[in-house]
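Have a look at this one:
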């Protein structure tokens with residue numbers, strides 16, 4: 015029998031798994047949540063942390079693109095109309111332009 019894990023430890027562990035999934039796969043597969051309360055909590059944490067990790071990496075890529083002088087093109091694969099790449103790229107570009115103008 016497995017030792018009982020606290021909910022906060024479960025969420026932390028599942029969140030880390032979701033973040034790693036995003037890093038390795040570059041996307042978050044939408045699978046059906048497992049049954050059972052604790053499994054459902056774990057699945058939700060994995061999904062949210064995966065999406066959060068993807069958003070952060072897209073934003074960093076957008077900032078790098080702006081710093082390199084690239085155009086801030088919308089990512090066609092972005093879901094739900096949220097494009098962190100374009101948003102962060104555009105904001106960084108604006109900041110760089112304002113900085114140049116003093």
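Residue numbers (my numbering): 15 to 116. Glycine included, each C-beta is placed from N, C-alpha and C at the ideal position.
Look up residue i in the DSSP assignment and say whether it is helix, strand or coil.
i           : result
residue 22  : helix
residue 84  : coil
residue 43  : coil
residue 76  : helix
residue 109 : helix
residue 116 : coil
For residue i versus residue j, is the C-beta spacing smaller than 8 Å?
i           : j          : result
residue 102 : residue 64 : no
residue 83  : residue 98 : no
residue 107 : residue 80 : yes
residue 59  : residue 86 : no
Measure the C-alpha to C-alpha separation of residue i and residue j and round it to an integer number of angstroms.
i           : j           : result
residue 69  : residue 100 : 11 Å
residue 34  : residue 43  : 13 Å
residue 105 : residue 40  : 23 Å
residue 19  : residue 32  : 18 Å
residue 22  : residue 115 : 48 Å
residue 27  : residue 56  : 8 Å
Using a threshold of 7 Å, is the CB atom of residue i nearer than that to any non-hydrogen atom of the ligand SAM?
i          : result
residue 21 : The model depicted lacks the ligand SAM and carries no ligand whatsoever.
Would residue i pass as an interface residue toward chain D - the criterion being a Cβ-Cβ separation below 8 Å?
i          : result
residue 38 : In the structure shown, chain D does not exist; there is a single protein chain.
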